[in-house]
């Protein structure tokens, strides 16, 4: 049975309502109708019990303490010779662009969320993917964007207004010579439309063809001069000089993308340093889906971050993650035996779990898709960065409701 | 001295140096190297176990013992080991003993509900690249706070399952009632606190069961309790620094500090497995159960990544436990294992010269997924495995590791042209955009297969048999 979202707020956290609202927008989501009954607890105190005879226990030789032996706890703080560079995305009017706000990522002086050492100066940022043409999407995602699938500007606006995207991640997939082969000038027009539709910073992605991407990036960099767009991405097989020069000339920044290999990441950065200042470079070491190599992504990112903090100057950049890749996992979108739940829940939780795992590896910039996953990760980041009083859980054993 | 910086030469000093090969290695130095890399157990050296080398064995055991103690819950025949961690980060050395997952039942649940939940835990199973993902334990909570009621619930659970148990009550009388019933199964006692530690320590010693120390968001007290309990004679401890949804920052912080204190500073008072209770979200459930389950899943996933050795969960929903058990499986694999399988031709069933030729990447997970789908469909075919440097199809295309040129090369190198009469290649749906280029470059006709390999059997049936 489908359930209607009730328009009442009493006693329910914003987080909860938002998630359920997002998930229940789709009428086919079949959620079990569950009634929570808080049973009155009866306390029958019957302290007497029979004790069965037991084998003798050897008493420890020591004198058993009668009181708690007090001990100090000192947070195990370490010193890190390196720190992560801060990268700003977007530019306001006074900075030469037209954005209403900018975001800054990076600046860490300790591993991710080692709050006892050094809380992250800039909380990680969530961007939402927008595509410039209709592409195949998992049903659980599609249901939220059906009305804007062929209008990137409207899609971007929806992502900002409705789901709180902090950056829009526009993918110019249609420029692919094997798809629509959209001309650079036309692609640039789409970028301008999106810039006009929203006032958050923009990231612009290509199609993966090194030559075509370069041509389009050059055009987009020119028409959006001063906007400090995050180009996604420059790779080792592109003409790095030309790409970097276009980005520098028109005052933008870039994601350096490599395939799960720290040496490649270093090499690409070394090449970029010839043209770009460090604070214009974000790195992406590739994200694999939960169940399909997430652990490799996790470990490469964690190692990259630790190496940077330990002084590896070629890796001291904020990390970007194409978390949307979580949807490549078949468990995220296929129909499975009902015991594994509806795919409308499985999909977004898959993206969420992938994101949360990588959040702890050191990701600063998430490219995401499902509104519920976005909402959750934003909430978790807030909980990890804003000090809140811990709830009282001492009596959890007796106080779980079900 | 951090254990990971241990050198093979130091270990070698204490080995018999006889090169007897009983351990299966060429010589004692090779065995020492394996010991340092944690690829072999000390007990494999049988001479070391004799009286002559008793002292050496002790020294080596101390040298090699993990900074996080390994604790066993359960009887010999049915147990789960937790902790035993050698390192903080999985790239240093593999994480051992995957986070154990316990599901709760409570003594105020009707018997049918207890039975239903226990059966669900037992029957949970998911086939994931050759592994069966399972749940590990049952945690029995005393809500009644009544020794007899708790004892009856423990008895019931114990009579229907062999899974290891956690007994949860802060009242030592209630705890003992449960322990009497299942002491032979060596359940984990949850928990000793600053109020009840002495009584719980006595129970732990008397019934020889491991003991959890619970000190929510207070590591000073946690450490003091650990020191006290060790002095009391309790050796097998598990630490619960508290799990919070409101207070998530503290939770992650505490788990991280504890693991670093043990692994990097070798603080022996904190060198014990860590227990987390994502189930706490059910103290204040949302109006919609899905939201509470959602939160519990988030908490659990972050704690699997951040050092929890054992979790107590309440949700039994597949959509919650599936990503968690897969995440655990992923993070506990050996990071030294190659991501790639060998490239070349793989033969499935008994193909002839008219059988289909499919193509995939050499990324292990992609390959095994495709292979199991082909096997499930009982298809006779050739599968060309392209060397994509261990990347999945999509990443390989994005990173230019899977290109038309590479495919042309593979077609040539494998000599598939001599094995089949036709010239039709089935490529993954995710590689569709390469089809034109492949046809141009190789002269082979390209059929674009399904987006997901689960569709291969149907695809072959509809498109190949007809063609």
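Chains as they are written, first to last, in the working numbering: chain W, 12 to 413; chain A, 964 to 1430.
Using N, Cα and C, we set each Cβ at its ideal position, and we do this for glycine too.
This one's a predicted model, so the numbers in the text were calculated from it and none came from an experiment.
Beta-carbon contacts of residue 184 (chain W) that lie in its chain and below 7 Å, excluding the five residues immediately before and after:
Residue numbering aside, residue 184 (chain W) sits at position 173 when the first chain is read from its first letter. So the qualifying residues of the chain are 142, 143, 144, 146, 190 and 218.
Which bits of chain A does residue 398 (chain W) rub up against, with CB to CB less than 8 Å?
Working through the first chain from its first residue, we reach residue 398 (chain W) at position 387. In chain order: 1212.
Any chance the segment 1346 to 1360 of chain A sits against the segment 227 to 238 of chain W, with 3 or more Cβ pairs inside 8 Å?
no
Please report the residue range of the alpha helix (DSSP H) in which residue 207 (chain W) lies.
Sequence index remark: in the first chain, residue 207 (chain W) carries index 196 (1-based). That run of the alpha helix (DSSP H) goes 195 to 208.
Write down the C-beta distance between residue 1048 (chain A) and residue 1034 (chain A) rounded to the nearest angstrom, noting that I regard them as a contact closer than 8 Å.
On the second chain, residue 1048 (chain A) is found 85 positions in, with the first residue counted as 1. On the second chain, residue 1034 (chain A) is found 71 positions in, with the first residue counted as 1. Contact doesn't hold; Cβ gap of about 11 Å is too wide.
Spell out whether any CB of chain W is found under 8 Å from the CB atom of residue 1179 (chain A).
Translated into the one-based positions of the second chain, residue 1179 (chain A) becomes position 216. At least one chain W Cβ lies under 8 Å of residue 1179 (chain A).
Would residue 1387 (chain A) and residue 1408 (chain A) qualify as a contact pair, given that the criterion is a beta-carbon distance under 8 Å?
Along the second chain, read from residue 1 onward, the residue named residue 1387 (chain A) stands at position 424. Along the second chain, read from residue 1 onward, the residue named residue 1408 (chain A) stands at position 445. With respect to residue 1408 (chain A), residue 1387 (chain A) sits close: the two C-beta atoms are nearer than 8 Å.
Output needed in chain order: residues of the segment 69 to 97 of chain W with a Cβ under 7 Å from some Cβ in chain C.
Among the chains of the structure shown, chain C does not appear; the protein chains present are W and A.
Minimum Cβ-Cβ distance from residue 120 (chain W) to chain A less than 8 Å:
Translated into the one-based positions of the first chain, residue 120 (chain W) becomes position 109. No, its Cβ sits nowhere closer than 8 Å to a Cβ of chain A.
Which class does residue 65 (chain W) belong to by DSSP, given the choice of helix, strand or coil?
Taking the first residue of the first chain as 1, we reach residue 65 (chain W) at position 54. Confidence is the limiting factor: at residue 65 (chain W) the pLDDT is only 44, short of 50, which leaves the residue's position unreliable, though a coordinate-based value still follows. The answer is coil: DSSP assigns residue 65 (chain W) none of H, G, I, E or B.
Helix, strand or coil: how does DSSP classify residue 413 (chain W) here?
Numbered from 1 along the first chain, position 402 holds the residue referred to as residue 413 (chain W). If DSSP states are grouped into helix, strand and coil, residue 413 (chain W) belongs with coil.
Nearer than 7 Å: is that true of the beta carbon of residue 221 (chain W) relative to any heavy atom of the ligand PLP?
Of the ligands one can find in the structure shown there are none, so the ligand PLP has no counterpart to examine.
With the cut-off set at 8 Å, would you say residue 1286 (chain A) and residue 1260 (chain A) are in Cβ contact?
In the second chain, residue 1286 (chain A) corresponds to position 323, counting from 1. In the second chain, residue 1260 (chain A) corresponds to position 297, counting from 1. In contact: residue 1286 (chain A) and residue 1260 (chain A) (Cβ atoms closer than 8 Å).
Can you pull out the residues from the segment 348 to 364 of chain W whose beta carbon lies closer than 7 Å to at least one beta carbon of chain A?
350, 351, 352, 356, 357, 360, 361, 363 and 364
Within 8 Å, do at least three Cβ pairs link the segment 360 to 375 of chain W to the segment 312 to 330 of chain W?
yes
Sheet register partners of residue 1276 (chain A) (DSSP bridge)
Taking the first residue of the second chain as 1, we reach residue 1276 (chain A) at position 313. A:1066, per the DSSP bridge assignment.
Determine which residues share a DSSP beta bridge with residue 1387 (chain A) and list them.
Mapped onto the second chain, residue 1387 (chain A) falls at position 424. Per DSSP, A:1408.
Excluding sequence positions up to five away, which residues of its chain have a Cβ less than 6 Å from the Cβ of residue 1400 (chain A)?
Reading the second chain from its first residue, position 437 is the one you call residue 1400 (chain A). Closer than 6 Å at Cβ, skipping near neighbours: 1367.
So which residues of chain A does residue 309 (chain W) contact, with C-beta pairs closer than 9 Å?
The count along the first chain starts at 1 and reaches residue 309 (chain W) at position 298. Neighbours of residue 309 (chain W) on chain A, chain order: 1053, 1268, 1293 and 1294.
Check the C-beta distance from residue 361 (chain W) over to residue 390 (chain W) and give it rounded, since I have them as a contact under 8 Å.
If you number the first chain from 1, residue 361 (chain W) lands on position 350. If you number the first chain from 1, residue 390 (chain W) lands on position 379. The pair is not a contact, with the Cβ atoms about 18 Å apart (cut-off 8 Å).
Under 8 Å between C-beta atoms, does residue 1122 (chain A) make it to chain W?
The sequence position of residue 1122 (chain A) within the second chain is 159, counting from 1. Put simply, the CB of residue 1122 (chain A) is far from chain W, with every gap to its CB atoms at 8 Å or more.
Proximal residues to residue 1304 (chain A) (C-beta, below 6 Å), its chain only, five neighbours per side dropped
Taking the first residue of the second chain as 1, we reach residue 1304 (chain A) at position 341. Here the set comprises 1325, 1327 and 1330.
Using a beta-carbon distance below 8 Å, is residue 1058 (chain A) in contact with chain W?
As a working note, residue 1058 (chain A) is residue 95 in the second chain. No - not a single Cβ of chain W is within 8 Å of the one on residue 1058 (chain A).
Verify the CB distance criterion: does residue 407 (chain W) have a CB-CB separation below 8 Å to chain A?
As a working note, residue 407 (chain W) is residue 396 in the first chain. Using a Cβ-Cβ cut-off of 8 Å, residue 407 (chain W) counts as an interface residue toward chain A, since at least one Cβ of chain A sits closer than that to its own.
Have a look at A:1107, A:986 and A:1131 and flag the residue whose alpha-carbon is nearest the alpha-carbon of residue 1276 (chain A).
Residue numbering aside, residue 1276 (chain A) sits at position 313 when the second chain is read from its first letter. Measuring from the Cα of residue 1276 (chain A), the nearest candidate turns out to be A:1131.
Please report whether the beta-carbon of residue 1385 (chain A) lies at a distance below 8 Å from any beta-carbon of chain W.
Translated into the one-based positions of the second chain, residue 1385 (chain A) becomes position 422. Not an interface residue.
What whole-angstrom Cβ distance do residue 300 (chain W) and residue 340 (chain W) have, given they're in contact under 8 Å?
The count along the first chain starts at 1 and reaches residue 300 (chain W) at position 289. The count along the first chain starts at 1 and reaches residue 340 (chain W) at position 329. Indeed they touch by this definition, with Cβ atoms about 4 Å apart.
What residue range does the alpha helix (DSSP H) around residue 260 (chain W) cover?
Locating residue 260 (chain W) in the first chain gives position 249, counting from the first residue. Element bounds for residue 260 (chain W): 251 to 260.
For chain W, find out if any of its Cβ atoms is closer than 8 Å to the Cβ of residue 1022 (chain A); answer yes or no.
Locating residue 1022 (chain A) in the second chain gives position 59, where the first residue counts as 1. Judged by the 8 Å Cβ criterion, residue 1022 (chain A) is not in contact with chain W.
Would you give the residue range spanned by the alpha helix (DSSP H) that residue 1226 (chain A) belongs to?
The residue given as residue 1226 (chain A) occupies position 263 in the second chain. 1211 to 1226 is the extent of the alpha helix (DSSP H) around residue 1226 (chain A).
Contact set for residue 358 (chain W): own chain, Cβ-Cβ below 6 Å, skip 5 residues either direction:
Here residue 358 (chain W) is taken as the residue at index 347 of the first chain, counted from 1. So the qualifying residues of the chain are 149, 151, 343 and 344.
Coil, strand or helix - residue 1153 (chain A) by DSSP
Taking the second chain and counting its residues from 1, the one referred to as residue 1153 (chain A) is at position 190. Residue state, collapsed to three classes: strand.
Cutoff 8 Å; reference residue 1319 (chain A); Cβ partners in own chain excluding five residues on either side
The residue you call residue 1319 (chain A) lines up with position 356 of the second chain. Only 1342, 1344, 1345, 1387, 1389, 1423 and 1427 meet the Cβ criterion.
Can you give the beta carbon distance from residue 127 (chain W) to residue 1216 (chain A), rounded, assuming they're within the 8 Å contact cut?
The sequence position of residue 127 (chain W) within the first chain is 116, counting from 1. The sequence position of residue 1216 (chain A) within the second chain is 253, counting from 1. Indeed, because the Cβ distance is near 6 Å, the residues count as touching under 8 Å.
Which of helix, strand or coil DSSP assigns to residue 1243 (chain A)
Locating residue 1243 (chain A) in the second chain gives position 280, counting from the first residue. Looking at residue 1243 (chain A) - three-state DSSP - the assignment turns out to be helix.
Proximity test, Cβ basis, 8 Å: residue 1131 (chain A) and chain W:
Stepping through the second chain from its first residue, residue 1131 (chain A) is reached at position 168. Taking Cβ atoms only, chain W reaches closer than 8 Å to residue 1131 (chain A), which makes this a yes.
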